[in-house]
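Contents: one structure, followed by commentary.
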Amino acid sequence: MQLAGKKIVLGVTGSIAAYKTPELVRQLVKAGAEVRVLMTRAAADFVSPLALATVSKHPVHSNVADGAAWNNHVELGRWADAMVIAPCSANTLAKLANGLCDNLVCAVYLSAVAPVFIAPAMDEDMWIHPSTKANIQKVRSYGNHIIPVAHGELASGLVGEGRMAEPQDIVKHLADFFEKKNDSALKGVKALVTAGPTYERIDPVRFIGNFSTGKMGIAIAERLAAEGAAVTLVLGPSHVPVQDTRIQVVHVESAEEMYTAATQAFPDTDIAILSAAVADYRPEERAPEKIKKQGDTLDIKLVKNKDILASLGRVKQAGQLLVGFALETTNEVAHALDKLRAKNADMIVLNSLKDEGAGFGHDTNKVTLLDKNGGVEALPLQGKQEVAAAIINHILKLKHAEKTV
Ligand code: CTP
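Per my numbering, residue 1 is the first one in the sequence shown, and the count goes up by one each step.
Here's what the structure looks like:
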């Protein structure tokens, strides 16, 4: 249903999994999609262009120029509602990550204005290589969708991670995407997100800050916007670009400024997610001039900042959902649940600093979601985009539960 009439460009690259692509095309066509197939030269070692041309009912192209004819990659890139690169070999992945353009698949990819879905396929050793991991992060950061690899028998004869997702899973992935797009779960919902660190000025050139980059909160804001919500992002000093132009970004520096912006926006908000790493204290006085070096020690008296989450929790109305974060190092779940109750939140995203690859500065995170109904969802280490999606799914479940009470 969701794929009926959809125009799909399939790029096939050199991996043994290419033998499954005629079946993939067949299933896409059966679901009502119109498919055009491109393949790299290496792909033709694993699957016949004739088979792909037959099932797609259109000629298959490999080169930007075929003899005297030029294959218009810009036109194809604009024609598509989605581009799928399946299987995506390690070599093609590296090209996509770096903008290389030495074949038609890469040229159409670079010209594509539609969403791109990448289904990697390679042996496990290649899949877990740091360069492959970095390339996956890179292509994901460009907004592409990665269709997760499967575990199983590999071309090497070994068993492990790296198999291309099965054709029916790729079709399902696309169908789910188009279904979500049509039926945005958060259409009409107003969301507020705080993200990043805060800087508390000591004098005109120094501040007290923390290592938060804002990546997690920005990923949440972008996911909310992608699901159709109208998003206000109150962002502390962060160097991470906000890609989605639909997001209204309010730049702030200090905890006080963040407090003011968040409390102003909150009354008109359905869902508030406070992911910022807010400084608990600020210097009591801000020196008007640069503090000169004097004695062996320097005392700076700090005073407490207002707790934004707790303040919003106090004025929260029925129907508003409030989500906080907790960074704990001991008795993590108990402390997070204390915060949930004390700040009148509906859900807490518990970050554990103990896990490698999680927390400040990383592209991945590992969190546990704890909600006011006793729900506990421990998520694996995954990309911040996936974590953002899981957080929003959990919020949607909470919202749904409230409606049905
Ligand atoms: N928070 C906030 N305003 C503050 C401090 C924290 O809104 N002044 C929010 C954070 O955005 C986060 C949650 O409160 O959603 C928990 O932050 P955390 O620093 O873990 O908790 P604290 O309450 O500051 O407790 P502690 O530092 O003692 O663990």
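Just so you know, even glycine gets a beta-carbon here, dropped at the ideal spot from N, CA and C.
Three-state secondary structure (DSSP) at residue i?
{"i": "F177", "result": "helix"}
{"i": "L10", "result": "strand"}
{"i": "V105", "result": "helix"}
{"i": "E377", "result": "strand"}
{"i": "K366", "result": "coil"}
{"i": "R206", "result": "strand"}
{"i": "V240", "result": "coil"}
{"i": "V231", "result": "strand"}
{"i": "A326", "result": "strand"}
{"i": "D268", "result": "helix"}
{"i": "L321", "result": "strand"}
{"i": "D355", "result": "coil"}
{"i": "L186", "result": "coil"}
{"i": "V303", "result": "strand"}
{"i": "L274", "result": "strand"}
{"i": "E386", "result": "helix"}
{"i": "E166", "result": "coil"}
{"i": "I146", "result": "strand"}
{"i": "E200", "result": "strand"}
{"i": "E289", "result": "coil"}
Counting along the chain, where does the alpha helix (DSSP H) carrying residue i start and finish?
{"i": "G217", "result": "215 to 226"}
{"i": "M258", "result": "255 to 265"}
{"i": "S352", "result": "Premise fails: S352 lies in the beta strand (DSSP E), 347 to 352, not in any alpha helix (DSSP H)."}
{"i": "L158", "result": "Where L158 is concerned, there is no enclosing alpha helix (DSSP H), given that its DSSP letter is neither H nor E."}
{"i": "A23", "result": "Note that residue 23 is Glu in the sequence shown, not Ala. From DSSP, the alpha helix (DSSP H) with E23 extends over 21 to 30."}
{"i": "Q333", "result": "A small correction: the amino acid at residue 333 is Val; Gln does not occupy that position in the sequence shown. 332 to 342 is the extent of the alpha helix (DSSP H) around V333."}
{"i": "A134", "result": "130 to 141"}
Give the range of the beta strand (DSSP E) segment to which residue i is assigned.
{"i": "L309", "result": "Looking at the DSSP string, L309 is not in any beta strand (DSSP E); the run it does join, the alpha helix (DSSP H), is 308 to 315."}
{"i": "M39", "result": "34 to 39"}
{"i": "P283", "result": "281 to 283"}
{"i": "A191", "result": "190 to 195"}
{"i": "G5", "result": "Segment: none, G5 is in no beta strand (DSSP E) and carries neither H nor E."}
{"i": "V249", "result": "248 to 251"}
{"i": "G361", "result": "Segment: none, G361 is in no beta strand (DSSP E) and carries neither H nor E."}
Quick one: residues in its chain with C-beta nearer than 8 Å to the C-beta of residue i, no 5 flanking neighbours on either side, listed in chain order?
{"i": "R163", "result": "A17, A121, V149, A150, H151, G152, E153, L154"}
{"i": "G319", "result": "D270, E402"}
Go through its chain and collect everything with a Cβ distance to residue i's Cβ below 6 Å, but skip five positions before and after it.
{"i": "H173", "result": "I147"}
{"i": "S56", "result": "V25, V35, V37"}
{"i": "A219", "result": "K384, Q385, A388"}
{"i": "R223", "result": "A388, A389, I392"}
{"i": "A326", "result": "A336, K339, I348, L350"}
Excluding five sequence neighbours on each side, which residues of the same chain lie with their C-beta closer than 7 Å to the C-beta of residue i?
{"i": "C88", "result": "T13, I118, A119, P120, A121"}
{"i": "A114", "result": "A80, D81, A82, M83"}
{"i": "D346", "result": "L321, L322, V323, D371, K372, L398"}
{"i": "F207", "result": "Y199, E200, R201"}
{"i": "E124", "result": "L154, L158, G160, E161, G162"}
{"i": "K316", "result": "L322, N344"}
{"i": "I300", "result": "I202, P283"}
{"i": "C101", "result": "A107, L110"}
{"i": "F178", "result": "Q2, L3, K6"}
{"i": "Q382", "result": "T364"}
{"i": "H73", "result": "V64, L104, A107, V108, S111"}
{"i": "G280", "result": "Checking the sequence, you will find Asp at residue 280 rather than Gly. For D280, where only same-chain residues beyond five positions count, the Cβ hits under 7 Å are K304, N305."}
Task: Touching by the beta-carbon criterion (3+ pairs, under 8 Å), the stretch 311 to 321 and the stretch 261 to 278 - done: yes
- [ ] Please determine if the stretch 364 to 377 and the stretch 335 to 347 are in contact, where contact requires at least 3 C-beta pairs separated by less than 8 Å.
- [x] yes
Task: Inter-stretch contact at 8 Å, needing at least 3 Cβ pairs: the stretch 236 to 252 / the stretch 289 to 306 - done: no
TODO: Go through the stretch 40 to 125 residue by residue and report every complete run of the beta strand (DSSP E) that reaches 3 residues or more, in order.
DONE: 82 to 88, 116 to 120
Open item on the list: Can you confirm whether the stretch 129 to 147 touches the stretch 38 to 45 when touching is taken to mean that 3 or more C-beta pairs between the two stretches lie within less than 8 Å?
Closed with: Judged by Cβ distances under 8 Å, the stretch 38 to 45 makes no contact with the stretch 129 to 147, as fewer than three pairs qualify.
TODO: Say whether the stretch 187 to 198 touches the stretch 209 to 229, bearing in mind that this needs 3 or more beta-carbon pairs closer than 8 Å, one atom from each stretch.
DONE: yes
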